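For the record, the sequence lines run as chains A and B. Take the first sequence: its position 21, counted from the start at 1, is 21 in my numbering, and no numbers get skipped. Take the second sequence: its position 55, counted from the start at 1, is 55 in my numbering, and no numbers get skipped.
2 protein chains.
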Amino acid sequence: MSQVDIAEFRTWLLGQIPLLGHMGLGDFDWNGRRLEIPASLAPNVNDKGTGFGGSQATLATICGWSLITLLLREQGLDCDLVIADSHLDYRAPVDGDFSARTDLPDTTAVDNFLKRLRNRGRAPLELTIDVRQGDKVAMQMRGRYVAIARGPQTVDS
Amino acid sequence: MSQVDIAEFRTWLLGQIPLLGHMGLGDFDWNGRRLEIPASLAPNVNDKGTGFGGSQATLATICGWSLITLLLREQGLDCDLVIADSHLDYRAPVDGDFSARTDLPDTTAVDNFLKRLRNRGRAPLELTIDVRQGDKVAMQMRGRYVAIARGPQTVDS
């Protein structure tokens with residue numbers, strides 16, 4: 001279970017990144033390991049009446065960013081988090097509301113990330129984020145994010 | 001030189017894709033080979049006050065899409081154009097207004113694309129799109145787009 005108030009996080013995020021306020025985002029679903037962010041089709045259509053690739057890229061990018069930010073907050077780590085690179089594979093159009101979904105990697109990868117971040121003040125983490133319409137994966141993004149400690153560097157091992 | 005009225009194209013595009021209307025896009029610059037689309041920082045900031053990665057991804061994606069759409073219109077080809085996949089390399093933050101810029105590939109690549117499209121009704125084209133702040137390349141995207149003829153397929157060779 002998660003200690004973070006996900007509704008407060010959503011409000012904070014939309015206050016920080018104005019573009020997200022124009023994407024028809026629904027309530028975030030977060031269980032401490034998986035994050036899902038829904039979006040309405042209407043504000044995200046393209047010339048074909050389907051989901052704009054740029055909207056899908058934005059939703060996937062912020063879903064991965066948010067998952068790691070939630071992890072860092074639950075760990076009490078004060079960090080900047082940036083995206084370093086991403087690969088996006090567009091597989092099928094979406095013609096209705098859609099969502100981005102991502103899961104924390106396995107425990108070993110998360111533990112290594114947190115240990116490296118505490119030791120070195122900086123660490124990368126890779127995520128796979130799906131943009132889905134129902135059960136269909138319309139786009140899959142692989143993203144590498146880098147966390148950089150903001151406070152004084154802690155060396156604990 | 002280009003026959004397309006780029007201001008009309010911009011107006012049409014923003015009417016088709018509502019998200020672009022929230023990104024502070026300036027006038028498009030198009031000379032028949034190179035397209036540049038400027039964006040204001042303010043509507044595209046992130047939590048750090050720099051350019052949001054999702055905005056940069058969106059701007060680069062639509063810049064490449066627009067370049068090929070302009071080429072297709074100048075060739076009188078009626079096509080749907082979709083993005084198939086992309087790789088985004090975030091190199092440096094932007095802390096002011098920025099733009100996306102892309103050039104048509106060399107003549108051989110463009111000729112092969114148009115020939116294949118006319119022959120088979122479908123063809124891919126790869127572009128490199130830079131997101132720049134002044135002379136600095138903040139992000140570089142490599143994108144593969146696929147054009148699909150909408151009208152009856154023409155076989156001319």
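A virtual CB, placed ideally from N, CA and C, is assigned to each residue, including glycine. The structure displayed is predicted, hence computed values, not measured ones.
For S86 of chain A, the nearest beta carbon of chain B is closer than 7 Å to its own beta carbon.
Per the coordinates, the alpha-carbon of L88 of chain A lies some 7 Å from the alpha-carbon of M139 of chain A. Shown here, F52 of chain B sits in coil according to DSSP, grouped into three states, outside any helix or strand. If you compare the alpha carbons of B:G15, B:L77, B:T61, B:L117 with that of L127 of chain B, the shortest gap goes to B:T61. Collapsing the DSSP output to three states places G96 of chain A in coil. Its chain contains L35, T102, L104, L127 as the residues whose beta carbon lies nearer than 7 Å to that of L67 of chain A, once the 5 sequence neighbours on both sides are disregarded; these appear in chain order. Taking all protein chains in view, the Cβ of Q56 of chain A is crowded by 16 or more other Cβ atoms within 10 Å, so the residue is classified as buried.
Boundaries of the alpha helix (DSSP H) around L114 of chain A: 107 to 120.
Residues of the segment 71 to 82 of chain A that bring their beta carbon within less than 8 Å of a beta carbon in chain B comprise D80, V82, in sequence order. Only those residues of the segment 124 to 141 of chain B whose C-beta falls short of 8 Å from the nearest C-beta of chain A would be listed, and there are none.
For T69 of chain A, DSSP records no beta bridge to any residue. For A39 of chain A, the uninterrupted beta strand (DSSP E) segment begins and ends at 34 to 39. Using a CB distance cut-off of 7 Å, A7 of chain B does not count as an interface residue toward chain A. Contact with chain A is absent for N119 of chain B, since none of that chain's Cβ atoms lies less than 7 Å from the residue's Cβ. Exclusion of the five residues before and after Y145 of chain A leaves G64, W65, I68, L81, V82, I83, A84, P124, L125, E126, L127 as the residues of its chain whose Cβ lies within less than 8 Å of its Cβ. A57 of chain B belongs to the set of residues whose beta carbon lies under 7 Å from a beta carbon in chain A. Only exposed fits D106 of chain A, as fewer than 16 other CB atoms lie within 10 angstroms of its CB. Within a 10 Å sphere around the beta-carbon of I37 of chain B sit 16 or more other beta-carbons, which makes this residue buried. Between D135 of chain B and the set B:L117, B:R33, B:D97, the nearest pair of CA atoms involves B:D97. Selection B:T58, B:L71, B:I129, B:Y90 evaluated against L20 of chain B yields B:T58 as nearest (Cα-Cα).
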